[in-house]
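Chains as they are written, first to last, in this note's numbering: chain H, 1 to 211; chain V, 1001 to 1211.
Taking it in order: structure first as structure tokens, then the write-up.
Protein chains: 2
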Amino acid sequence: MNLGILSQLFEPALLREIEEFGQSQQFKEGDLIMDYGKYVRMMPVVVSGTVKVYRRDETGKEILLYYLSSSDSCSMAYSCCMEAKKSEVKAVAEDHVELIAIPHTKLDEWLCKYPSWKNYIMRSFNERFIELLKSIESIAFHKLDERLVEYLKEKKRLSGSSVVKVSHHLIADELATSRVVISRLLKQLENEEKILLYRNEIKLMPPFFED
Amino acid sequence: MNLGILSQLFEPALLREIEEFGQSQQFKEGDLIMDYGKYVRMMPVVVSGTVKVYRRDETGKEILLYYLSSSDSCSMAYSCCMEAKKSEVKAVAEDHVELIAIPHTKLDEWLCKYPSWKNYIMRSFNERFIELLKSIESIAFHKLDERLVEYLKEKKRLSGSSVVKVSHHLIADELATSRVVISRLLKQLENEEKILLYRNEIKLMPPFFED
DNA sequence: AAACATTGGTAACTAAAGTCACAAACTCTT
DNA sequence: AAGAGTTTGTGACTTTAGTTACCAATGTTT
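What follows is the structure, given as structure tokens:
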């Protein structure tokens, strides 16, 4: 089993247990990892790749909450499966994703047995809270053009490339707005020479998107 | 020490420890319970009253995230003080508030020692996540007039009265908009005979605000 | 009672975002 | 290569929200 960076996070005894009880899972780009309303029985720990986590309202509109990348885990899954709750969110693979699913019985056991696990879980809760707070901040206080720039910067950070491969439609979906609005704002950014637009590709230009 | 409803949540041995190590604190309306950037060393468990939790952006604009009422606790405080982090949020007493502050050393100890404590903490994490998700939903998907109605309903639920005692200015602050906008929307609700407006008071009318 | 602060009402304007309609360019399938 | 679907650009318009300015009513302080 490929534990990736996890092998540096946990003590040997815990790593052996993860090997034994964790289920290694692979997803390819676009795969649905978790859906709204499904029972959560495992907690996922991301080994490689990026996972997008969404929230939906009653009318079906969706918004991107945050990304999970290497060594991140969805702590909502943790508290959910400890309580046998249904998922409040949807998770989709952004690219090729490897993760280890930990069964809920072990989550509990390890919490007391391994301090490194407890610390990991607590840090994870805290990180996810902060992500949600940043998300709220972004939606509540920032105008769409600023949110778009933040979005592009995040995409750059995650992919490590200043060429972001997305359609205007996808951006609109993830920011919960309409394609026309995104095209308009992107064109404006291009006029300001901050980006270059191609089909399914956006090139982020220095110095605005520092290289 | 007044443990209120907590005495029904926890086992006797844990209640004795709460009595021994928890610090009982009282706040009156408007008191600052926690501020941005302060170190979090205790986790508060609300015994009575209502606490408002806010988030602020770089420019100083604030938005109301959620309320904590009887038996609720701020799980962000939990993960913060386990990691000796600074607060990302502000907490203000909405009315007279009694809470018990649990020192961080005990949080950890009780997690393994008392299943009822661990369950309480996990439920608390989950509830807070859901509150944040609802908050995001509200801001991202609902128009201001809908958010205003949700706000009034929540005030009614918390106070148990269909007469909500707030100024337009306070509502504007909590929804992160301006007073003029709120006055306009409130006047509209009054014209639709859903509310009656008085100075510092809004009466919610049935059948729209079901009695 | 005079002075001041708070609260709420309203008009007029601007800015931001959403909506509708249509066209052009490109990609993929058959 | 013809047709279908996807992606992007753009103009025109509406709706929603934010801003500024001013006034009147009510409370509070001195």
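Every residue gets a Cβ at the ideal spot worked out from N, C-alpha and C, and that includes glycine.
Treat the numbers as computed from the prediction; the structure is a model and nothing was measured.
Thinking just about the alpha-carbon of each residue, which of the options is nearest to the one in residue i?
i, options, result
"residue 1068 of chain V", "V:1097, V:1191 and V:1170", "V:1097"
"residue 1049 of chain V", "V:1177, V:1145 and V:1073", "V:1073"
"residue 1177 of chain V", "V:1064, V:1019, V:1003 and V:1047", "V:1064"
"residue 145 of chain H", "H:157, H:156, H:189 and H:106", "H:189"
"residue 1045 of chain V", "V:1002, V:1140 and V:1071", "V:1071"
"residue 1058 of chain V", "H:141, H:155 and H:14", "H:141"
"residue 1199 of chain V", "V:1076, V:1183 and V:1136", "V:1183"
"residue 119 of chain H", "V:1082, V:1024 and V:1195", "V:1082"
"residue 75 of chain H", "H:111, H:91, H:122 and H:105", "H:122"
"residue 39 of chain H", "H:78, H:197, H:130 and H:93", "H:78"
"residue 1134 of chain V", "V:1154, V:1027 and V:1095", "V:1154"
"residue 86 of chain H", "H:201, H:42, H:125 and H:92", "H:42"
"residue 1002 of chain V", "V:1185, V:1174, V:1109 and V:1047", "V:1047"
"residue 1056 of chain V", "H:149, H:137, H:20 and H:160", "H:137"
"residue 1216 of chain V", "V:1152, V:1163 and V:1052", "Past the edges of chain V, shown from 1001 to 1211, lies residue 1216 of chain V, and the structure says nothing about it."
"residue 1089 of chain V", "V:1013, V:1107 and V:1032", "V:1032"
"residue 16 of chain H", "H:66, H:110, H:26 and H:62", "H:110"
"residue 205 of chain H", "H:168, H:161 and H:167", "H:161"
"residue 1029 of chain V", "V:1094, V:1164, V:1019 and V:1169", "V:1094"
"residue 148 of chain H", "H:167, H:171 and H:92", "H:171"
"residue 208 of chain H", "H:180, H:181, H:201 and H:156", "H:156"
"residue 80 of chain H", "H:61, H:139 and H:125", "H:125"
"residue 18 of chain H", "H:186, H:26, H:100 and H:203", "H:100"
"residue 1202 of chain V", "V:1173, V:1012, V:1168 and V:1164", "V:1164"
"residue 8 of chain H", "H:150, H:117 and H:54", "H:117"
"residue 1106 of chain V", "V:1034, V:1006, V:1191 and V:1023", "V:1023"
Spell out whether any CB of chain H is found under 7 Å from the CB atom of residue i.
i, result
"residue 1010 of chain V", "no"
"residue 1038 of chain V", "no"
"residue 1073 of chain V", "no"
"residue 1133 of chain V", "yes"
How about residue i: is its C-beta nearer than 7 Å to some C-beta of chain V?
i, result
"residue 179 of chain H", "no"
List the residues that DSSP assigns as beta-bridge partners of residue i.
i, result
"residue 66 of chain H", "H:53"
"residue 24 of chain H", "H:100"
"residue 1201 of chain V", "V:1198"
"residue 1140 of chain V", "DSSP, once it has assigned bridges, lists no residue as partnering residue 1140 of chain V."
"residue 1043 of chain V", "V:1102"
"residue 1073 of chain V", "V:1045"
"residue 86 of chain H", "H:39"
"residue 163 of chain H", "H:203"
"residue 92 of chain H", "H:32 and H:52"
Considering residue i, what are the terminal residues of the beta strand (DSSP E) in which it resides?
i, result
"residue 12 of chain H", "First-last for residue 12 of chain H: 12-21, but that is the alpha helix (DSSP H), not the beta strand (DSSP E)."
"residue 33 of chain H", "32-34"
Under 7 Å between beta-carbons, which chain H residues line up against residue i? List them in chain order, please.
i, result
"residue 1061 of chain V", "141"
"residue 1043 of chain V", "Simply none; closest approach about 12 Å."
"residue 1057 of chain V", "137 and 141"
"residue 1122 of chain V", "79, 82 and 83"
Identify the contact partners of residue i in chain H, using a Cβ-Cβ distance below 9 Å as the criterion.
i, result
"residue 1176 of chain V", "140 and 141"
Quick one: which chain V residues come within Cβ less than 8 Å of residue i?
i, result
"residue 111 of chain H", "1111, 1112 and 1118"
In chain V, what lies closer than 7 Å to residue i by C-beta?
i, result
"residue 126 of chain H", "1079, 1080, 1083 and 1085"
"residue 76 of chain H", "1129"
Residue i touches chain H at which residues, Cβ-Cβ below 8 Å?
i, result
"residue 1088 of chain V", "129, 130 and 133"
Which residue marks the beginning of the alpha helix (DSSP H) containing residue i, and which one marks its end?
i, result
"residue 1173 of chain V", "1168-1174"
"residue 187 of chain H", "179-191"
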